[in-house]
Amino acid sequence: MAKLEDIESSTYLGSIIDEQGGSDADVKVRIGKARTAFLQLKNIWNSKQLSTNIKVRIFNMNVKAVLMYGAETWRTSTTIIKHVQVFINNCLHKIFKIDWLFWERTNQLRAEEEIRKRRWKWIGHTLRKLPNCITRQALTWDPEGKRKRGRRKNT
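Here is the structure:
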């Protein structure tokens, strides 16, 4: 019988899964890929012929889609949300050369709101699946027994 080796992290469907179950590494990679997508569209951002509305749509379709891929399953912390929001703010600032408070005029949702919205959409989608679907089972799983009271002991 073959033994499986322990690994620190793995990539599955474009998302990084580490042994702690955190999302920091995945978010860092997503920001890097979104930055690459953003830089490849530099000619579009500098174009005087394209309207603000078109640039926002291109940003949402090509950069934000890459950034937010898999956000439904991220373990969101204030640090992760801040990193994502700072990246979006920097991109919008480079595109429109505007103040930070003015970016709302582009009708962008805050990163926290967008992640929450995507998560609820994914949960609804998963709960509508058949009862024997593994993702639905994982989402609705209720372990038997009781958890001991108090903080877990570090060994």
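Here the working numbering runs 241 ahead of the position in the sequence shown, where the first position is 1. Quick reminder that beta carbons are idealized off the backbone N, C-alpha and C, glycines included.
Can you grab the Cα-Cα spacing for the pair residue i / residue j, in whole Å?
i	j	result
Gln290	Cys374	49 Å
Asp267	Lys305	15 Å
Lys335	Ile285	12 Å
His324	Arg276	13 Å
Gly365	Ala379	14 Å
Leu333	Thr367	33 Å
Asn330	Ile299	16 Å
Check residue i in the structure and name its three-state DSSP category.
i	result
Glu313	helix
Lys387	coil
Asp247	coil
Arg377	helix
Lys296	helix
Asn348	coil
Lys290	Note on residue identity: the sequence assigns Gln, not Lys, to residue 290. Looking at Gln290 - three-state DSSP - the assignment turns out to be coil, as it is neither helix nor strand.
Residue i and residue j: beta carbons closer than 8 Å?
i	j	result
Lys274	Val307	yes
Glu313	Arg360	yes
Ile321	Ser264	yes
Glu355	Met309	yes
Gln326	Arg351	yes
Cβ of residue i versus every heavy atom of the ligand FMN: is any distance shorter than 7 Å?
i	result
Gln281	You won't find the ligand FMN in this model; it holds no ligand whatsoever.
Contact check, residue i vs residue j under 8 Å by CB: the rounded distance?
i	j	result
Asn303	Ala278	6 Å
Compare the C-beta of residue i against all C-beta atoms of chain B and say whether one is closer than 8 Å.
i	result
Ile299	Absent from the structure: chain B. Only one protein chain is present.
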